[in-house]
Amino acid sequence: MAPVAASRKPATTNTSGHPALTALYQLGGEGDPKIVEGIYDQWASSYDSDILGDDHGYVGPQTAVRALVRAGVTPLSHILDAGCGTGLVGVYLAQAGYVEVDGIDLSPAMLKQAEKTNSYKALKTVDLTRNIPVPDAVYDGLTCVGTLTHGHVGPRVLNEFVRVVKPNGVIVATVLEDIWDDGFEAETQQLAKDKKVDILGMDIEPYRAGAGVCARTLVMRRR
Ligand SMILES: C[S@@+](CC[C@H](N)C(=O)[O-])C[C@H]1O[C@@H](n2cnc3c(N)ncnc32)[C@H](O)[C@@H]1O
């Protein structure tokens, strides 16, 4: 079956008027990685204080790590944090006891911030709109938080996530609720239909809680 492409409907999700987020969301669908990288490189030094501030009240990272723990992924597991950004997820993973975490992201400046958290074993620049340069079945768990959203990475990446986790490995990905119908649900259901994964959850949960924005917490176990 042909993969489902990202669609390009205009973003209506509340950005709380943040210029970088507004510019990113306006890209729609899967944004041009060069443009996305440029915006994040500029934003990297103030990203944490902006996104964790009251205007956004970002809770995606802790929600995702909670889901990973709930799915039974144990602390000694090898985890890939895809679209790791400044490392907010890595910090929560470390607090939950995970010590073998690798991070990949498009933006070198975001990765530089992630390095300062000391939460990652390895950090690498990777474009998730292309094949992930990792062999099959390497990771026990994978997190992807805040990266499946307007103008970022489309639903095809879910196949790559399944490929790089081991059988029984768990994938936790937040998908902005407003784009769930733009191919993400279809791709998820196709993976289940093809017996590549079991879907453990896709609850709608607060994401940028301060802006009233929700995301799906997609949890899948590879077969
Ligand atoms: C909203 S931030 C989320 C970062 C982090 N996971 C968090 O929860 O704070 C989105 C991240 O996705 C990354 N990103 C966007 N497009 C990407 C792509 N094509 N490949 C890899 N990373 C990408 C950005 O560089 C940015 O760090």
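Per our numbering, residue 97 is the first one in the sequence shown, and the count goes up by one each step.
Ideal Cβ placement from N, Cα and C applies to all residues, glycine included.
These numbers were taken from a predicted model, which means no experiment stands behind them.
- prompt: Among GLN158, ALA307, VAL132, LEU272, which residue has its Cα nearest to the Cα of GLY183?
  reply: Within the sequence shown, the letter at position 87 stands for residue 183. Out of GLN158, ALA307, VAL132, LEU272, GLN158 has the C-alpha closest to the C-alpha of GLY183.
- prompt: Quick one: what does DSSP say LEU219 is sitting in, helix, strand or coil?
  reply: Within the sequence shown, residue 219 is the residue found at index 123, counting from 1. LEU219: strand per DSSP, three-state reduction.
- request: Rounded to whole angstroms, what's the CA-CA distance from SER142 to MET316? Just pull it up for me.
  value: Against the sequence shown, residue 142 aligns to sequence position 46. Against the sequence shown, residue 316 aligns to sequence position 220. If you take the alpha carbons of SER142 and MET316, they lie about 32 Å apart.
field: PRO263 in three-state terms, based on DSSP
entry: In the sequence shown, the residue the question calls residue 263 occupies position 167. If DSSP states are grouped into helix, strand and coil, PRO263 belongs with the strands.
query: How long is the line joining the alpha carbons of GLN286 and PHE257, rounded to whole angstroms?
result: The residue labelled residue 286 in the question sits at position 190 within the sequence shown. The residue labelled residue 257 in the question sits at position 161 within the sequence shown. Looking at the two C-alpha atoms, the distance is approximately 14 Å.
Helix, strand or coil at ARG166 according to DSSP, with G and I counted as helix: For the purposes of this step, residue 166 is identified with residue 70 of the sequence shown, where counting begins at 1. Three-state DSSP puts ARG166 in a helix.
- request: Could you check if VAL268 is buried or exposed, using at least 16 other CB atoms within 10 Å of its CB as the buried criterion?
  value: On the sequence shown, residue 268 is found 172 positions in, with the first residue counted as 1. Classification of VAL268: buried, given that the 10 Å Cβ count is 16 or more.
query: Excluding five sequence neighbours on each side, which residues of the same chain lie with their C-beta closer than 6 Å to the C-beta of LEU272?
result: Stepping through the sequence shown from its first residue, residue 272 is reached at position 176. Hits under 6 Å: THR245, ALA311.
Of the listed residues ARG318, LEU120, SER112, VAL241, nearest to ARG162 (C-alpha basis): As a first step, residue 162 is located in the sequence shown; it is residue number 66 there, counting from the start. For ARG162, the nearest C-alpha among the options comes from VAL241.
- prompt: Under a Cβ-count criterion, where at least 16 other Cβ atoms within 10 Å of its own Cβ denotes burial, should ALA288 be classed as buried or exposed?
  reply: As a working note, residue 288 is residue 192 in the sequence shown. Under this definition ALA288 is an exposed residue.
- prompt: Do you know how far the Cα of ALA307 is from the Cα of TYR154?
  reply: Position 58 of the sequence shown, counting from 1, holds the residue named residue 154. Position 211 of the sequence shown, counting from 1, holds the residue named residue 307. Those two C-alpha atoms are separated by around 9 Å.
- prompt: Excluding five sequence neighbours on each side, which residues of the same chain lie with their C-beta closer than 6 Å to the C-beta of ASP223?
  reply: As a working note, residue 223 is residue 127 in the sequence shown. Excluding residues within five positions, the ones whose Cβ falls inside 6 Å are PRO129, LEU202.
message: Checking the sheet assignment: what are the DSSP bridge partners for ARG319?
response: Taking the first residue of the sequence shown as position 1, residue 319 is located at position 223. Answer by DSSP bridge pairing: none, since ARG319 is not bridged.
field: Proximity test, HIS174 beta-carbon vs ligand 1 heavy atom, cut-off 7 Å
entry: To locate residue 174, count along the sequence shown from 1; it is residue 78. Checking every heavy atom of ligand 1 against the Cβ of HIS174, none is found closer than 7 Å.
task: Please state whether DSSP places LEU148 in a helix, a strand or coil.
output: For the purposes of this step, residue 148 is identified with residue 52 of the sequence shown, where counting begins at 1. Residue state, collapsed to three classes: helix.
- request: Determine the DSSP secondary structure at ASP322, reduced to helix, strand or coil.
  value: Missing from the structure shown is residue 322; the chain here goes from 97 to 319 and no further.
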